[in-house]
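Numbering (the numbering used here), first residue to last: 2 to 940.
Shown next, in the form of structure tokens:
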């Protein structure tokens, strides 16, 4: 095996590079190199840069040193730029009698100035002049830049004299920061020294507080733009919260305020302890390794750790799978723990600086500038004080004297509405070893924790601070196991611990009545659940506490609850309620989204599981919090409507409100009621229309919709239309309804689904009805795209027109799907084993087929087409997407209207559907059958 290079010199051979460049100088003509010699120079430099980066990548894979890799690439560019400068000054534009003005320092600034570069990073260069620009200086700068651009490098640059650098630094914080990080590369080093002296004396001196405030504001703005949380599952390694930029901001502030040139000097100044400094160095090294691997892997300056590359980065870093956690999930947990470390130490450091500067700068402290700085005792305790409206420790022995004070700090902060003093947080973080079994079982500690968790102020805020300080995971070791844990899918937007804390925030929002417009039913139920609020808060915090284990997390979570809740003061009955809710926390959501809520058996089965109205209410609230806490855009009005329907129907079942009247009798009553609302029609027209519908339509569709359908069909018949569509928007539910009237055909739903896929419309539900004269009346619901009803209606009408065109044979469906759809994001990254099940116990009238697989364009069309080819009639379809995964449910019968009971036939259906999910049905046979359906509809 070849020897792996380990020294900076192995990245690029300085002497050889300069020798090879000098050899090309013989091709110099007036005004520079000949075209061929210049092309040879560019190719030479390209080759050396590529070779140097390849060596750096090999070394990174060998030693894993992220910071070292960034330093190696920086060194590579130093050698290229310095050689290029000498080449230009010696061979291209030599100065025969240079004046004092014909001097220049090539200076690296920004990230390059720190001596670290990722493979795809920009080069930030400052060309420093002693006085004004000269023709010689202009030529040298221009030559260097043009060659660097020809190499395909991104270069940020400025040419300034020293006076300009000083003047601009005073007015522009970005320029000030770039010069703060300035590093000499080549040229006149004395010029660089003069710049640094002037910068330190004329800019930095006495402006520390102003600079600190500006950088903290800049950091806050950056976090706000990036989405505040450091626990987003596709984090930005460079700019995200807890990423490299946070580290750099810390070093900028420390270096500027304490006027040092290296981060290590901050230890001597007492800013860092040696341990904290080493923690930062370790975090920096890991983040640089991740960032360099990302650039090498993608071949570009990719800063966001997308799902598409997470698995490959984990493999490059040597992570392996463990029971319950895949290699990529273990890697991402390490990433988030690192981001947490960066966040914790940065927050403490910046808060300490902010606190110190507030003493000297009027108005510096943005939060507390209106308050006095007096310290005072906190009523009822001698262990804590209020310092500038922040809770602080009275002395360094507060936690050792009474470990319960670890909890009392957060309880008091919540009770009095106080911020945390950095000294208190720093001591707490260093005192986590005091958390032991005795404290976890301490009655007072558990009481304080429960009061923080169930606070009617802002429990989410204090839980997050408790978690970031490390106390929550130490106090509840099972919670500690899911801290910084991500789930490798596109459904969950946050780490598990962040998801749980956000769910607590949603519950608090519901309790305060702030979400009435989004959750009208939950808002109505909450006041009646006051006596159960402790149960709700603990359940919400614990419902995913067992994620990442080999066993089912719902069952394992219930066991954890049964173990922990008695120590938290819960009775045996309340503990069992919490355990039941955790064990069944997914059931209501899955039932609402994947089952036919018009089927009595669905409601009966769910009611049999829930058993009481109280449990039903608690499960609804938990389900709402869980879905809302997953991430932005996951909750929508359609999910809310499904949950409300399931709730109301189940409540009727549990309270004996369901009618025992036979199905035939109820259908007869519905037909009579429809006849009544159609009394304005002629007797002949009314009689003809009432004979169009089978009983299942009259029982499943409400009277208002029956009347709309009657007018729709009547108008289509009057106009002689064989094909027609009708659109209706549902703003609150965030879905749009499209009703299709068409000659019936077994693959009709497949064609409709394909047309929707081609139009970019995502179907969430479908009801299929057949009329007695051989027509289909199908209603599909698609996700809403526009806020305004007018815009959404126009979009839906375009979708409807596309469906009509396909059904009438005007458009060729396979070609449309191929042209108009793009592969779903994650289709090449995620691996989901296709599954198909047929169950006859979920409905009294239908066989229920449930399929689960990786989503892709046209999938629903393929599956429904295959079901039709299997001689099955689809009565309703329920389409649910969880990120990259779909769970689709179809209520079907055979062509005689019976369930599919034969085991051999069931096995054939399952095998066929799995084959479709694995391989698709893009072969000509499937395409031809789809087009055949369209032609039949058109005839």
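Even for Gly, the Cβ is constructed at its ideal location relative to N, Cα and C.
| Asked | Found |
| --- | --- |
| Three or more C-beta pairs below 8 Å linking the segment 507-515 and the segment 421-434 | no |
| C-alpha gap between residue 456 and residue 415, whole angstroms | 8 Å |
| Bounding residues of the beta strand (DSSP E) (the contiguous stretch that carries residue 727) | 725-731 |
| Proximity of residue 53 and residue 77 at Cβ, strictly below 8 Å | yes |
| Endpoints, alpha helix (DSSP H) assigned at residue 307 | Segment: none, residue 307 is in no alpha helix (DSSP H) and carries neither H nor E. |
| Contacts around residue 860, its chain only, beta-carbon distance under 7 Å, and the 5 residues preceding and following it disregarded | 887 |
| Member of 207, 164, 248 and 16 whose CA lies at the smallest distance from the CA of residue 68 | 248 |
| Beta strand (DSSP E) segment containing residue 146, residue limits | Careful: residue 146 lies outside any beta strand (DSSP E), inside the alpha helix (DSSP H) at 136-151. |
| Neighbourhood of residue 333 by C-beta distance below 6 Å, restricted to the same chain and skipping five residues each side | 487 |
| From 421, 434 and 448, residue whose alpha carbon lies closest to that of residue 463 | 421 |
| Cα-Cα separation between residue 693 and residue 617, rounded to whole angstroms | 39 Å |
| Distance between residue 236 and residue 307 (C-alpha atoms, nearest Å) | 8 Å |
| Alpha-carbon spacing of residue 383 relative to residue 253, whole angstroms | 38 Å |
| Nearest residue (CA-CA) to residue 656, options 604, 702 and 696 | 604 |
| Host alpha helix (DSSP H) of residue 792 (start-end) | 790-808 |
| Residue 654 in three-state terms, based on DSSP | helix |
| Backbone secondary structure at residue 128 - three-state DSSP | strand |
| Run of the beta strand (DSSP E) containing residue 196, from where it starts to where it stops | First-last for residue 196: 190-200, but that is the alpha helix (DSSP H), not the beta strand (DSSP E). |
| Proximal residues to residue 615 (C-beta, below 8 Å), its chain only, five neighbours per side dropped | 533 |
| Segment contact flag, the segment 111-121 with the segment 287-302, C-beta cutoff 8 Å, min 3 pairs | yes |
| Cβ pair residue 554, residue 234 closer than 8 Å | no |
| Cutoff 7 Å; reference residue 40; Cβ partners in own chain excluding five residues on either side | none |
| Length of the line joining the Cα atoms of residue 170 and residue 340 | 31 Å |
| contact_flag[the segment 635-644, the segment 728-735] where n(CB pairs < 8 Å) is 3 or more | yes |
| Backbone CA spacing between residue 461 and residue 468 [nearest angstrom] | 10 Å |
| Ordered list of beta strand (DSSP E) runs contained in the segment 474-512, each at least 3 residues | none |
| Whole-angstrom distance between residue 329 and residue 323, CA atom to CA atom | 10 Å |
| Burial state of residue 108 (16 or more Cβ within 10 Å) | buried |
| Same chain, Cβ closer than 6 Å to residue 837, neighbours up to 5 away in sequence not counted | 852, 911, 914 and 915 |
| Residue 433 versus residue 345: straight-line alpha-carbon distance, rounded | 14 Å |
| Whole runs of the beta strand (DSSP E) within the segment 269-303, excluding any shorter than 3 residues | none |
| Option in 318, 257, 778 and 197 with minimal Cα separation from residue 65 | 318 |
| Cβ shell of residue 83 (< 7 Å), same chain only, five flanking positions each side left out | 186 and 187 |
| C-alpha gap between residue 256 and residue 142, whole angstroms | 30 Å |
| Segment limits, alpha helix (DSSP H) that includes residue 162 | Residue 162 -> not in any alpha helix (DSSP H); beta strand (DSSP E) instead, spanning 156-162. |
| Cβ-based burial, residue 276 [other Cβ within 10 Å; buried from 16] | exposed |
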